[in-house]
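Position in the sequence shown (from 1) plus 7 gives the number in our numbering. C-beta: ideal position from N, C-alpha, C; glycine also. Keep in mind that this is a model prediction, so the values were computed, not measured. Written below as C-alpha cells is the structure these notes are about.
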Amino acid sequence: MRRSTAVRPAGTRTLPCADSCESHAPGVPTRRSRPTETCAMTVAIRALSFDLDDTLWNIWPCIERAEAKLHDWLLAGYPRIAAQFDALALRRLCSDEAVRDPAIAHDRSLIRRRGLTRAAELAGYAEFALDEAFEVFFAARNQVEFFADALPVLERLAARYPVVALSNGNADLDRIGIAHLFAFHLSAAIVGTQKPHPAMFEQAVARLGLPPAAILHVGDNPEHDVEGARAAGLRAVWVRRDGRDWPHGLAPPEFVIHDLHELEALLATWPG
C-alpha cells in the first residue's frame, strides 16, 4: 500500500501563510487564525526536539516486560517480596512513593528505587540488593522496540538538523543505542521538573543558542509536549499515533502527524 505523506495540521496548513485556514481531522478541534496572527511558517526551523516514550517507541510493553523480569528476579532471591507483591502491586507501591514525597515525582528512577526499598521493608528484609534489583528492571526497560518509521526518519533528520531529546522518562540513550543521533538529552530527573513546566524547554533553547520559534518540538502528549513547548515559545507537532482525540479545553495543535514520515513531509514544505 502506498504511504500517504499528506500532513493535515490543525488550525493551519503547510503553506507559508495560515490565515483563515482550518483542519477537519476527526477528533481534532478546528480554529480560524486571528487576523493579528503572523504567518505560521515564516521562521525557519533550525533544530528539532523529540519526546521519547510513546513518540519513538511504545513504552508500556517495555515497562511490563521489565516489571515481569524484576518479579522473576525477586522470586528467586527475595521470595517474600514476590509473594506479597505481584508486578502490578509493585508498580502501585512505586507510584505511591511519588505521592508520599512529591519532591521526587519528576524522577522515575528514584521513585522505582524508593518503591523497591519500601517493598523489601514491608516483606521483612533487613538487607536488600537495591542496585542489582533496579538494574534488572532498568536493563529491560531500555530494550525498546522502535515504531517502524521512527529510527529511519530520526537518522535522516539528525543528518540535517541538530536534534535533542526532551523526556519526562528515564530512558538511557546509550543503552538503547541512539545517543549518537542527539546533540544532548534532557530528562525530568536532570532538569528537576517535568514537562509541561517550561524549564526543560528553556534549557534546551539556551543550550541550542537559537530563538525558541526556530525549534520544532515533536511529541505524543498534548499537555506535556504540545502545550509545554508552545508555552515556552517553541513550535510543536502533535504525534497522534493512536488516533485519540485532542483534549477538550486545550487550544488546538498547530500541526498533527501520525508518524515521522509525515514529519519529514511537513519539514519539506517549511520555508528556509
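{"Check": "Best match in Thr200, Ala94, Asp108, Trp67 for proximity to Trp80 [C-alpha to C-alpha]", "Outcome": "Ala94"}
{"Check": "Simplified DSSP state of Val160, which is helix, strand or coil", "Outcome": "helix"}
{"Check": "Selected residue, minimal CA-CA separation from Ala358, among Thr49, Val198, Leu82, Ala146", "Outcome": "Missing from the structure shown is residue 358; the chain here goes from 8 to 279 and no further."}
{"Check": "Three-state secondary structure (DSSP) of Trp245", "Outcome": "strand"}
{"Check": "Any non-hydrogen atom of the ligand FMN closer than 7 Å to Asn65 Cβ", "Outcome": "Ligands in the displayed structure: none, and consequently the ligand FMN is not present."}
{"Check": "Spatially closest choice to Ala195 from Ala236, Gly216, Phe135, Leu173, by CA coordinates", "Outcome": "Leu173"}
{"Check": "Coil, strand or helix - Asp108 by DSSP", "Outcome": "coil"}
{"Check": "At least three beta-carbon pairs within less than 8 Å, the region 147-156 to the region 57-73", "Outcome": "yes"}
{"Check": "The region 222-237 contacting the region 142-149, beta-carbon criterion three pairs below 8 Å", "Outcome": "no"}
{"Check": "Continuous alpha helix (DSSP H) stretch holding Ala238: start and end", "Outcome": "235-238"}
{"Check": "Simplified DSSP state of Ala191, which is helix, strand or coil", "Outcome": "A small fix is needed here, since residue 191 is Phe in this sequence, not Ala. The answer is strand: DSSP assigns Phe191 an E or B state."}
{"Check": "Cβ separation of Glu209 and Ala239, assumed to be a contact under 8 Å, to the nearest whole Å", "Outcome": "6 Å"}
{"Check": "Assigned secondary structure, Arg212 (DSSP; H/G/I helix, E/B strand, else coil)", "Outcome": "Correcting the residue type first, residue 212 is Val in the shown sequence and not Arg. Helix."}
{"Check": "Neighbour-count burial assignment, Thr45, 16 or more Cβ in a 10 Å radius", "Outcome": "Here the model assigns Thr45 a pLDDT of 37, short of 50, so the residue's position is not dependable, and the following value carries that caveat. Looking at its Cβ environment, which holds fewer than 16 other Cβ atoms inside 10 Å, Thr45 is exposed."}
{"Check": "Same chain, Cβ closer than 7 Å to Ile118, neighbours up to 5 away in sequence not counted", "Outcome": "Cys101, Glu104, Ala105, Ile111"}
{"Check": "Supposed contact pair Ala243 and Pro260 - C-beta distance, whole angstroms, cut 8 Å", "Outcome": "7 Å"}
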